[in-house]
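Undergrad: To start, I am sharing the structure in question, which I have written as structure tokens.
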Amino acid sequence: MIKITHKKRYENIKKERKEKTTTINLVEADEDFATIIETNYNSAIALYSGSKIEVKLSKNIKGIINKVIYPGDYVILKNKEIVSVIKRKNTLSREKYDSTKINDIGTKKIIAANIDIAVIVVSASEPPLHPKFIDRYMILLKNSNIPFIICINKCELLTTKEKKLLKLYEDLGIKVIKTSAYTGKGIKELENILESKQAILVGHSGVGKSSITNAIMNSDDIKIGKVGDKYKRGCHTTTTSTYYKWNANSSIIDTPGIRSLDLSNFNKEDIKHYFEEFLPYNNLCKYKDCLHNTEPLNSCMIKKQVENGIITKERYESYLKIINEIKRK
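In case it helps, this note's numbering puts the sequence shown at residues 2 to 330.
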């Protein structure tokens, strides 16, 4: 029997990924293009001239289609084959770890491309509101230069506690929309914001992303998940990012729900720049490399502002949790 070490497995996985993935030709804008609405292993569904068609990669391009093409991509076709991709405005990605559980094999999983606005969807209850999850998605979106708003779904279940948590973000100047996919409350307001944009809905499983998409499209076609009774966590219903066009110039990319969001690919020293309320004080600390965590109170301006109530304790604790999970690079 041949024993395969962790190091060897790691090298094999890297080699396999290199063989299966490739780059694709990026071109300038073209008037005749198709929009990718769903990707699979060997094919994708594209919207072209008002019709949905199945497309594949050109025979000249090696690779797995859902590793190089993403929902929201604008592609150039020839005989139902993708020959090139129009240069992307942006992409949204998150860290994904290999199923072998070898911790240092993290790869970026791109979720969607060409996003005009992101909607961070949270729920008032079932699953419960987690501000630290919002903070993590805010960092990802800021890093990708994607404008965003927060949508609190199931707003009929809001309590004083959740309202107080949401006010933290409203005080930072972030737009917060209160919706109920069940009653229809706030859906029209959300539609007005998403009008003429390619939007993406992100958030935990079970918060109501697919329900909101159904409400905007005035449809019941998109499968909706339930929330587990034991832990009140959402069940995964949407399994891949899928593109929906709800009027001539407006679309939604509904993404799979996730239960955790890893930021370990970021540099620990950079995280403080993603917290808006930290920015006026980051450079006023005694030490230039201050991380605002283990430094003494009298030398850290951020800690002083937390003590003075200028920076909220909740956001500061969220910041500490994130940087404590990141290994210094």
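We put the CB at the ideal spot given by N, CA and C, even for glycine.
Got a sec? Which residues, its chain only, sit under 7 Å from Leu48 by beta carbon, not counting five neighbours each side?
TA: Taking C-beta separations shorter than 7 Å and ignoring five residues to either side along the sequence, the partners of Leu48 in its chain run Ala35, Thr36, Ile38 and Lys246, following chain order.
Undergrad: Per DSSP, Ser300 forms a beta bridge with which residues?
TA: Ser300 pairs with nothing; no bridge assigned.
Undergrad: Is Ala35 helix, strand or coil when you go by DSSP?
TA: strand
Undergrad: Please report the Cβ distance between Leu262 and Phe134, rounded to the nearest whole angstrom; I am assuming they are in contact, meaning their Cβ atoms lie under 8 Å.
TA: 6 Å
Undergrad: For Gly204, write down the residues that DSSP places opposite it in a beta bridge.
TA: Val122
Undergrad: Looking at the strands, I want to know which residues DSSP matches up with Ser85.
TA: Ile77
Undergrad: Please determine, among Lys63, Leu78 and Ile62, the residue with the shortest C-alpha to C-alpha distance to Val56.
TA: Leu78
Undergrad: Quick one: Cα of Asn266 to Cα of Ala119, how far?
TA: 21 Å
Undergrad: Less than 8 Å between the C-beta atoms of Lys176 and Ile150, yes or no?
TA: yes
Undergrad: Near Asp1, which residues of its chain fall below 6 Å by C-beta distance, leaving aside the five closest residues on each side in sequence?
TA: Because the chain is modelled from 2 through 330, residue 1 falls outside the range shown and cannot be assessed.
Undergrad: Could you check how far apart the C-beta atoms of Lys164 and Gly209 are, in whole angstroms? I think they sit under 8 Å.
TA: In fact, because the Cβ distance is near 18 Å, the residues do not count as touching under 8 Å.
Undergrad: Helix, strand or coil for Asn268 per DSSP?
TA: coil
Undergrad: Identify which residue in Phe279, Pro297 and Ser300 has its Cα closest to the Cα of Glu310.
TA: In the sequence as displayed, the identity of residue 310 is Gly instead of Glu. When each option's Cα is compared against that of Gly310, the closest is Phe279.
Undergrad: Among Lys273, Glu196 and Ile201, which residue has its Cα nearest to the Cα of Ala249?
TA: Residue Glu196 holds the alpha-carbon nearest to the alpha-carbon of Ala249 among Lys273, Glu196 and Ile201.
Undergrad: Looking only at C-alpha atoms, which of Lys287, Cys286, Leu264 and Cys301 sits nearest to Ile324?
TA: Leu264
Undergrad: With a Cβ-Cβ cutoff of 8 Å, do Ile83 and Asp31 count as a contact?
TA: no
Undergrad: Would you call the CB atoms of Glu315 and Pro132 closer than 8 Å?
TA: yes
Undergrad: Looking at the unbroken alpha helix (DSSP H) that takes in Tyr317, where does it start and where does it end?
TA: Lys314 to Glu326
Undergrad: With burial defined as no fewer than 16 other Cβ atoms inside 10 Å of the residue's Cβ, what is the status of Asn215: buried or exposed?
TA: buried
Undergrad: Who are the Cβ neighbours of Thr256 in its own chain at under 6 Å, not counting the five residues just before and after it?
TA: Ile112, Val203 and Ser242
Undergrad: Just to confirm before moving on: does the CB-CB distance between Asp136 and Ser319 stay below 8 Å?
TA: yes
Undergrad: Using three-state DSSP, classify Ser212 as helix, strand or coil.
TA: helix
Undergrad: Which two residues bound the contiguous alpha helix (DSSP H) that contains Lys165?
TA: Thr161 to Glu171
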